[in-house]
Amino acid sequence: ARGIICGLTQYTTKAHIIRAALEAICFQTRDILEAMHKDCGVPLTKLQADGILTNNKLLMQLQADICGIPVVLSSAKDVTSLGVALVAGHAKGIELWDLTKEEEDADHIGDTFLPAASALDRNLRYKKWKMAVERSLGWASTKKS
15 ARGIICGLTQ YTTKAHIIRA ALEAICFQTR DILEAMHKDC GVPLTKLQAD
65 GILTNNKLLM QLQADICGIP VVLSSAKDVT SLGVALVAGH AKGIELWDLT
115 KEEEDADHIG DTFLPAASAL DRNLRYKKWK MAVERSLGWA STKKS
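In the working numbering, the protein residues as written are 15 to 159.
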């Protein structure tokens with residue numbers, strides 16, 4: 015399937031669907047972080063975030079709750095773009111910026127969201143999400159009828 019929403023009833027509202035979309039972002043992020051941990055064996059102790067979605071405080075709190083680690087926002091809104099530009103320039107031998115100064119400037123911390131959900135709740139919800147994803151695999155066909 016390309017996308018599903020499980021558990022819809024006649025009482026489901028637009029707010030429920032929006033929250034489900036936000037939670038899906040968080041569950042997918044946790045899935046990626048767990049795969050990275052499995053591959054390298056190093057547990058993540060915090061998640062640094064930037065970009066437009068960091069404006070959504072509910073999303074950031076959900077991310078902390080679902081991943082079980084603090085989510086730390088940068089005071090700069092788009093540090094990722096700056097990092098890509100700096101590293102690409104450095105790799106090509108273009109030294110337009112002082113990397114040390116730019117790294118220090120990008121390191122300023124904004125808000126921090128601490129996990130509020132219990133480990134039991136977090137893991138149960140993640141397990142249910144993974145079961146829903148597993149059940150949905152193969153529901154859509156790419157063959158044209």
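All C-beta atoms, glycine included, are put in the ideal place defined by N, C-alpha and C.
- The beta carbons of L73 and L128 sit no closer together than 7 Å.
- Residue state for G103 is assigned as helix, using DSSP reduced to three classes.
- In the three-state reduction of the DSSP assignment, D125 falls in the strand class.
- With distances taken between CA atoms, A130 lies nearest to A78 out of R16, L138, A78.
- Under the three-state reduction of DSSP, Q62 is assigned to strand.
- Under a 10 Å Cβ-count criterion, L138 is classified as exposed, with fewer than 16 other Cβ atoms of the shown protein chains found around its own Cβ.
- If you compare the alpha carbons of V56, C81, T68 with that of L134, the shortest gap goes to C81.
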